[in-house]
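Going left to right, the sequence shown walks through residues 1 to 195 as our numbering numbers them.
I have placed the structure first, in the form of structure tokens, so that the comments after it can refer back to it.
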Amino acid sequence: INQIDFCDAGGESTSSIKGFNTNQVQNQGDLAFFTRISAGIAPIERMRITKEGYITKPYLPAFSGYISSAHNSARSYQGAQIMPFDTMYFNIGGHFNLTGSNQYKFVAPVAGIYYFSLSQNHTGRVDTRLYKNAAVFHGGENEHESGAAWEHHFIAGAINLDVGDTVHAETNLQDGSRSAWNSGYWENFTGYLIG
1 INQIDFCDAG
11 GESTSSIKGF
21 NTNQVQNQGD
31 LAFFTRISAG
41 IAPIERMRIT
51 KEGYITKPYL
61 PAFSGYISSA
71 HNSARSYQGA
81 QIMPFDTMYF
91 NIGGHFNLTG
101 SNQYKFVAPV
111 AGIYYFSLSQ
121 NHTGRVDTRL
131 YKNAAVFHGG
141 ENEHESGAAW
151 EHHFIAGAIN
161 LDVGDTVHAE
171 TNLQDGSRSA
181 WNSGYWENFT
191 GYLIG
């Protein structure tokens with residue numbers, strides 16, 4: 001390992017760049033970037049460029065989740081409501097809120113361009129929208145046929161966010177005695193920082 005350390009005025013390491021020789025015979029190596037979040041805690045690897053040129057970012061803000069069966073009764077409510085994505089496949093950094101005043105909303109931890117996608121299973125006509133803060137950013141409507149069979153639609157968008165901006169999904173069921181969503185893997189809401 002070869003490394004460059006960056007220190008504060010007192011000589012305490014704040015960050016470093018490390019080059020790892022991963023294959024001595026072939027002269028192959030990775031390059032990793034470390035930062036420190038607090039005094040007394042060793043710098044943590046935040047990004048790595050592998051010998052193949054892949055970039056890994058294990059702390060990149062990202063989430064992906066679905067709606068559990070706990071919300072099956074709410075899916076028949078007519079009118080607009082926040083889609084209750086309450087079960088996470090992953091929630092790196094915990095920036096998608098499952099409780100509190102921003103429940104079922106992603107709160108941007110850093111400014112940048114984020115990508116969001118939403119897939120939805122339903123038996124009624126739905127008007128579904130992605131909101132940036134309190135304003136509609138993107139939406140899609142699915143006109144359902146007369147039967148009560150399950151149909152599916154998908155919306156996505158890249159959104160420029162400042163620190164503290166929120167993104168959430170709302171749906172408006174326009175048919176009585178139908179379902180605005182299913183539960184489990186039939187629904188998905190995903191978001192992550194592009195850069």
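Every residue gets a Cβ at the ideal spot worked out from N, C-alpha and C, and that includes glycine.
When DSSP states are grouped into helix, strand and coil, Tyr104 belongs to the coil group. Around the C-beta of His168, 16 or more other C-beta atoms lie within 10 Å, and the residue is accordingly described as buried. In this structure Ser76 is not in contact with Ser183, their Cβ atoms being roughly 12 Å apart against a cut-off of 8 Å. For Thr50, the CB contacts under 6 Å within the same chain, skipping 5 residues up- and downstream, are Asp30 in chain order. Ranked by how close their Cα comes to the Cα of Thr166, the residues Gly112, Trp181 and Thr123 have Gly112 in first place.
In the three-state DSSP reduction, Arg178 falls in the coil class, being neither helix nor strand. Residue environment for Ile67: buried (at least 16 other C-beta atoms within 10 angstroms of its C-beta). A direct Cα-to-Cα measurement between Gln120 and Pro43 gives close to 41 Å. As DSSP reads the structure, Phe85 sits in no beta bridge. Annotation for Ala62: the continuous beta strand (DSSP E) segment containing it runs Ala62 to Tyr66. Under the DSSP assignment, Tyr77 falls outside any beta strand (DSSP E); it carries neither an H nor an E label.
Contact annotation: Gly140 and Thr123 have beta-carbon atoms that are not nearer than 8 Å. Proximity to Phe63 across Ala108, Val110 and Asn91 peaks at Asn91, based on C-alpha coordinates. Looking from the CA of Glu52, the closest CA among Ala80, Tyr185, Ala108 and Thr22 belongs to Thr22.
The beta carbon of Ala156 sits closer than 6 Å to the beta carbons of Ser117 from its chain, once the five residues preceding and following it are set aside; these are given in chain order. The beta carbon of Tyr185 is closer than 7 Å to those of Tyr66 in its chain, skipping five residues each way along the sequence.
For Leu98, there is no enclosing beta strand (DSSP E), as DSSP gives it neither H nor E. DSSP, reduced to helix, strand and coil, places Gly195 outside both helices and strands of the structure shown, so it counts as coil.
Looking at Gly93, Asn72, Gly79 and Gln78, the one whose alpha-carbon comes closest to that of Phe85 is Asn72.
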